[in-house]
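Each residue of the sequence shown is one higher than the one before, counting from 97 in our numbering.
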Amino acid sequence: MVNSNFGSFYVPHLNVQTNSNLSFSLIKVSELIDWVIKNNGEYLAIADYYPYEFLRFYNLCKERKIKPVIGIKVITKIGEKQCLVTIYPQNGSAYKELIKKLFNASSLDQVFLLEDVLSCQNNCLIVFSVHNLKDIVYFSQQSFFLTKEKANSQIYLGFDFHIKEPKKELPAHILPYLLPFFAVKTLAQEDVSLLESLFKTSLTQSFLSIDTRQKFISYLSEKDFFPFCTNDKLFYGIILTRLKDFLHRIELKFSFSSKSVVNKNDFTELKSRCEQALFYLTKSSREKYEARLEEELQIINKLGYTRYFLIFSDIINDLRKQNIIVGPGRGSAVSSLVAYLLGITKIDPLEYNLFFERFLNEKRKSPPDIDIDIENQKEVINYLQNKYGRNQIARVATRQKVGWKKAFQESAKIINYGKRRTIIDENQLKEIMSCVKDETLKEDLKTKALQTKFSTLFALAGKIKSFYFNSSLHASGFVISENKKKPLTQLLPLQPDKDCLISYYSEKELNFLGLKKYDFLNLTSLGTLQEIKKILGEEQLPKCNLRDKNAWKLLSNGLVSGIPQLDTVSFRELINYFQPQTFADLVLILALNRPGARKNIEIIREQKLKNQRETFSSPELNQILSETYGSLVFEEQISQIFTFIFNCSFAEGEIYRRNLTDISKKRL
């Protein structure tokens, strides 16, 4: 807090960088919000390079009644000098225009023209970063700092060093433009030395060089930062007043719609298509199918996924007409009768007793996913662009964290740096890295012993592993906008690519904007099926007979080359062990071919050979576990058990199961 002649107020740093945007920072957005709430802050500013979490930051600030300030960092050149500039939109429309302008550029680290940067000053505040007195003198000679209209200026110089006597050391006309602009990259004082040590490792190569060269203040402090700025108290009072004025000039308000526009005709269309498909199905228990269809349609309509199903259906049926092979469906989507009737999936969920609530239910907050395997993703991209327009389609980007193994390597370098003898040698590091499985730490006694022995290394690695250091493409995720009047370029920050636009926003942000993610996964084995079709001279592949004895004989002999999920060493071992003869056998073996479930292999095989099942005093439990011979193998079995124990719906049982697997939720 700062006490001055204009009252007492919390002074936020303008140049706080988060780890959400591939910046060399330890600050997480959620932790930053908590810190400001704890210190009674009215404003909170962040200044990041990429907009991965701007929308989340804005929403969290609004939820906690904090005024958000968002700065976007870009690189420009003045003459031959490369400069870092942070642009702060003053309102919601300015933010949207700035996002549209900056993130439709040709590359992530493009150097922007100075005139393009200065053109933003109509409704944005612009801060040029300076790191020494020489930089300030250089900027003082630029035409845009020689204007007489200082009072209305939108341009500032942000300094990150101590100015002992500003009146003696600097030109008088530049003083009104100065703002304290120390880069803040950590919340805790003890992390300062860690960040400084990281500059000595190869980890910096993963970040923008202009960012890793930047100086930073020790840590985000609630205390007065006068000692960092100057010895001149009068000058300090003036720049604090200027900082307060800077903040008051920003009022970010966004009018984002969190729901898609509902068209009543869509539900009528969806219902009509499903009922027509059901009419042609030759099923004996038609009443059961009609009841299930009605139940699914009501939930789909209530949760706003009517259009989602129609779009998916149109796309998949069009792809099949174009002779592009589409998979039969995967994951929980195959539990939907609506998806089956629309031709999105090829699995009858009632025939295999699949629960729709596993895919979509009112109790679950996370959006559902329909994952579709396709033969050639590039052809699908071309199809989508031709159908909807190039600016209506984008791929979803993902960010990669450093992870435990890389974090251990970099931490060892820090500990060994400058030491006469090696503190942690290669063999010790190898042993430590063996504690990592699937990028999580094991919880065995060996890991705990190593954590005690190498406590500093584990503490360092725990900090480093949270760094986002790289962006890549989601393997299957696409976002589609049907509204030609509102192309994605007006809705999202996008990065162009040679084949398709790329969205910076993840599924959660897309959902908030009323946009859905569509998943089309490139599966090379489907290309093999296309070749088989050509060899057979058939337009369509023959229908699969699940009772074909010759097929099961081939499978039991381990002839599974090129078949997804089956063509692995571990699965071949299970095939030899179980000798599957039915589709139910195959489903069970696939479920057992996972780390947690493998412990049941011996018990289930023994029970299967004897044609016996583990029995319990409860008939309900016996029924739930009958297909897995009395062992718990499938996730839906857990949900069914919760449904039985708590006498609740399957949808509620599914939520109990999800909470059980989420360590952060300790409620049942």
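The beta-carbon is built from N, C-alpha and C at its ideal position, and this holds for glycine as well.
Residues of its chain near residue i, where Cβ-Cβ distance is below 6 angstroms and the 5 sequence neighbours each way are ignored
| i | result |
| --- | --- |
| Asn457 | Ala747 |
| Val430 | Thr441, Ile443 |
| Ala435 | Ala429, Thr441 |
| Glu710 | Gly726 |
Collapsed DSSP secondary structure at residue i in the structure displayed
| i | result |
| --- | --- |
| Lys538 | coil |
| Thr326 | strand |
| His258 | coil |
| Ile741 | helix |
| Cys531 | coil |
| Gly573 | strand |
| Ala284 | coil |
| Tyr252 | strand |
| Ile520 | coil |
| Pro691 | coil |
| Pro715 | helix |
| Phe108 | The question names Phe, but residue 108 in the sequence shown is Pro. Looking at Pro108 - three-state DSSP - the assignment turns out to be coil, as it is neither helix nor strand. |
| Pro276 | strand |
| Ser199 | Sequence check: residue 199 is Phe here, not Ser. In this structure, Phe199 counts as coil in the three-state DSSP scheme. |
| Phe208 | strand |
| Cys596 | coil |
| Ser381 | coil |
| Gln591 | strand |
| Tyr564 | strand |
| Ile222 | strand |
| Phe350 | coil |
| Lys515 | coil |
When the options are compared against residue i, the one with the closest alpha-carbon
| i | options | result |
| --- | --- | --- |
| Leu348 | Lys704, Glu261, Asn187 | Asn187 |
| Leu606 | Lys580, Gly573, Asp593 | Gly573 |
| Cys531 | Lys542, Asp521, Asn689, Glu522 | Lys542 |
| Phe451 | Ser121, Asn115, Gly654, Thr739 | Thr739 |
| Leu440 | Arg388, Glu447, Asn449, Ala373 | Going by the sequence as given, residue 440 is Ile instead of Leu. Answer by Cα proximity: Ala373. |
| Lys134 | Tyr484, Leu316, Phe455 | Leu316 |
| Cys325 | Ile720, Tyr564, Leu584, His109 | His109 |
| Leu339 | Ile411, Lys281, Lys474, Ile251 | Ile251 |
| Asn743 | Glu716, Ile671, Gln113 | Glu716 |
| Arg403 | Tyr385, Lys417, Glu365, Ser249 | Glu365 |
| Thr620 | Arg709, Ile421, Ala279, Asn397 | Ile421 |
| Arg180 | Phe255, Lys124, Asn219 | The question names Arg, but residue 180 in the sequence shown is Leu. Nearest C-alpha to Leu180: Phe255. |
| Lys461 | Tyr146, Glu603, Gln719 | Glu603 |
| Tyr484 | Asn653, Thr585, Phe235, Asn579 | Asn579 |
| Ile477 | Leu587, Ala493, Leu415 | Leu415 |
| Ser577 | Gln586, Ala571, Leu569, His570 | Gln586 |
| Lys649 | Leu670, Phe405, Asp663, Pro676 | Pro676 |
Contacting residues, own chain, Cβ-Cβ under 7 angstroms from residue i (five flanking each side not counted)
| i | result |
| --- | --- |
| Glu731 | Arg753 |
| Thr624 | Gly658 |
| Arg454 | Ser428, Ser431, Glu732, Glu750 |
| Phe554 | Gln547 |
| Ala508 | Ile520, Leu525, Leu553 |
| Ile412 | Val422, Gly439, Ile440, Ile468 |
Residue i, buried or exposed, once every other Cβ within 10 Å from all chains shown has been counted against 16
| i | result |
| --- | --- |
| Tyr769 | No answer is possible for residue 769: the residues shown for the chain start at 97 and end at 764. |
| Arg694 | exposed |
| Val665 | exposed |
| Pro262 | buried |
| Lys246 | At Lys246 the pLDDT is 48, less than 50, meaning the model places this residue with poor confidence and gives no usable figure here. |
| Thr182 | buried |
| Lys502 | buried |
| Asn359 | exposed |
| Glu149 | buried |
| Ala680 | exposed |
| Pro691 | exposed |
| Gln488 | buried |
| Ala279 | buried |
Close-in-space but distant-in-sequence residues of the same chain around residue i (CB under 8 angstroms, 5 per side omitted)
| i | result |
| --- | --- |
| Ser409 | Arg369, Leu438, Gly439, Ile440 |
| Leu700 | The identity of residue 700 in the sequence shown is Ile, whereas the question assumes Leu. Only Leu684, Leu688, Thr724, Tyr725, Ser727, Val729 meet the Cβ criterion. |
Residue i: CB within 7 angstroms of a non-hydrogen atom of the ligand ADP
| i | result |
| --- | --- |
| Leu339 | Inclusion of the ligand ADP in the displayed structure is not the case, the ligand content being empty and no account of it being possible. |
**Q.** alpha helix (DSSP H) runs contained entirely in the region 416-497, provided each spans 4 or more residues
**A.** 433-437, 473-484
Q. Which ranges would you report for the beta strand (DSSP E) in the region 136-188 if only whole runs of at least 3 residues count?
A. 139-144, 163-174, 177-185
**Q.** Residue ranges of each beta strand (DSSP E) within the region 599-681, 3 or longer
**A.** 613-618
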